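Asks: Can you keep this structure in mind? I'll have questions shortly.
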Amino acid sequence: MSEVSFNKTIQLIHKEIQGKLNNTNSIINNYIASDIPIIPKLGQYFFKKRGKQLRPVMCLLSSKMINKNYTKLKTDTYMSAALEFIHAATLLHDDVIDKGTIRRGQKSINEIWNNKFSVLLGDFMFSKSFQLMTQGKSLKAMEHLSEVSSKISEGEFLQLSNENNVNLKSSDYIKIISLKTAELFGAAMKVPAILTGKKNEEIVNLYKLGINFGIIFQIIDDTLDYFGDKKTGKEIGKDFMEGKVTLPIILLLEKLSKLDYIIIKKLFTKNKRNQKDLNLILSQLKKNEIKRDCLNYAKKYQIKSEIILNKYNNKQSGLFKDLLVSSIQRKN
């Protein structure tokens, strides 16, 4: 599969849940309204480009996969909107932490306005997510989503406290991305089951599906940071320049000779890294076939997910399988 097939899979999933996705976006538009003019101005700018909307999309596809009365259920759209607001809040805060200037192909809020506006808009988005959770009319679902918000913050703290830590193990890395990225996907998958009173075993399995997908997605993101195509607009080596030790570096260090290990380790202890340093990293990654290793690492989670999806054997589970495969093979 190619990057086109990843986008095609997303398009097919959007088509499968288009009605409810439209409702979700209408809810988002309504909830960024405010009597304070700057808030809807910033909110409308931020949501002008909505991206793939993976979290609400997975919530709605999960809902359709497990519920015979999918069309009659209304609360899933409110919860999918809540998921998007939580994600939006984390992006707005991330851009401040990482000094990001571009978000979804346009200048970020902090770049056009400033960090204060980005942080405050993120806070506003978080508050709106909690308002939306109450519309789900399920205390259990609300408890799970509110718990995810704190886990995301824990993941951010864990990642920040491990900058330049070349002693980071793959298990530490998985913990970071599970908290920071995968937990929200886990919530997206299991919330529809909670809303409709499914058995705990099914809720847990759907949660695992979301977690596995989130781990896959982040592994590929981190792999593309070193192996992406500049032609697609991917900035190569951003994680390295920021001192983030991700799976490609962890797997590389496990393979290196003692001398090469010391050389690479020193690059992460430098106050400022340059293009020459990055080129050395890229050369070692290619030489040691780390891209292949990262893809194989991600495929382990794909296999686990497919076992769960086989229990459903319907159109929606098939789309989830396509999403898993094409996510691993995407190009940006």
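Residue numbers (my numbering): 719 to 1050. From the three backbone atoms N, C-alpha and C, an ideal C-beta is built for every residue, glycine too. Note that the structure is predicted; figures quoted are calculated from it, not measured.
(1) Helix or strand or just coil, what does DSSP make of R773?
(2) Report the residue ranges of all alpha helix (DSSP H) runs contained in full by the segment 969-1019; include only those spanning at least 4 residues, in chain order.
(3) Three or more C-beta pairs closer than 8 Å, one from the segment 783-792 and one from the segment 905-915: is that the case here?
(4) Start and end of the alpha helix (DSSP H) containing I895?
(5) Around the Cβ of Q824, are there at least 16 other Cβ atoms within 10 angstroms (buried) or fewer (exposed)?
(6) Between which two residues does the alpha helix (DSSP H) containing A1054 stretch?
(7) I'd like to know whether the C-beta atoms of I982 and K1017 end up nearer to each other than 8 Å.
(8) Taking only the alpha-carbon atoms, compute the straight-line gap between R773 and I728 and give it to the nearest angstrom.
(9) Taking the alpha carbon of D940 as the point to measure from, which residue in I815, F803, D1011, Y925 has its own alpha carbon closest?
(10) So what does DSSP say about I735, is it helix, strand or coil?
(11) When the Cα atoms are used, what is the spatial distance from K990 to I999?
(12) So, helix, strand or coil for Q1047, using DSSP?
(13) Please list the terminal residues of the continuous alpha helix (DSSP H) segment that includes K759.
(14) Using DSSP with H/G/I as helix, E/B as strand and the rest coil, what is K767?
(15) Give the range of the alpha helix (DSSP H) segment to which T808 is assigned.
(16) Once the 5 residues before and after E721 are set aside, which same chain residues still bring their CB inside 7 Å of it?
(17) Measuring CB to CB, does D794 end up less than 8 Å from K855?
(18) Three-state secondary structure (DSSP) at K825?
(19) How should P704 be labelled, buried or exposed, when 16 other C-beta atoms within 10 angstroms of its C-beta is the threshold for buried?
(20) For M719, which residues from the same chain have a beta carbon less than 7 Å from its beta carbon, with the 5 sequence-adjacent residues on both sides left out?
(21) Here's the rule I'm using: 16 or more other beta-carbon atoms within 10 Å means buried, otherwise exposed. How should F875 be labelled?
(22) From K1005, I895, A906, pick the residue whose C-alpha is nearest to that of L863; which is it?
(23) Just list the residues that DSSP pairs I870 with in beta bridges.
(24) Output the distance between the C-alpha atoms of F903 and L801, rounded to the nearest integer angstrom.
(25) On a CA-only basis, which of D816, Y749, G769, I731 is nearest K956? Give me that one, please.
(26) Work out the CA separation of I929 and I731 for me, nearest whole Å.
(27) If you measure between the beta carbons of Y1015 and I937, is that distance less than 8 Å?
(28) Cα-Cα, which of N882, L886, K898, V775 is closest to K869?
(29) How close, in whole Å, do the beta carbons of T987 and N882 come, if the pair is a contact with beta carbons under 8 Å?
Replies: Once the coordinates are examined:
(1) helix
(2) 976-987, 993-1005
(3) yes
(4) 888-895
(5) exposed
(6) Residue coverage of the chain in this structure runs from 719 to 1050, which leaves residue 1054 outside it and unanswerable.
(7) no
(8) 12 Å
(9) D1011
(10) coil
(11) 15 Å
(12) coil
(13) 756-764
(14) coil
(15) 793-815
(16) Any reading at E721 must be qualified, since the residue scores a pLDDT of 49, below 50, and its modelled position is unreliable; no value is offered.
(17) no
(18) strand
(19) Outside the displayed span of the chain (719 to 1050) sits residue 704, for which this structure offers no information.
(20) Any reading at M719 is ruled out, since the residue's pLDDT is 42, under 50, leaving its predicted position unreliable.
(21) exposed
(22) A906
(23) Per DSSP, none; premise fails for I870.
(24) 9 Å
(25) D816
(26) 19 Å
(27) yes
(28) K898
(29) 6 Å
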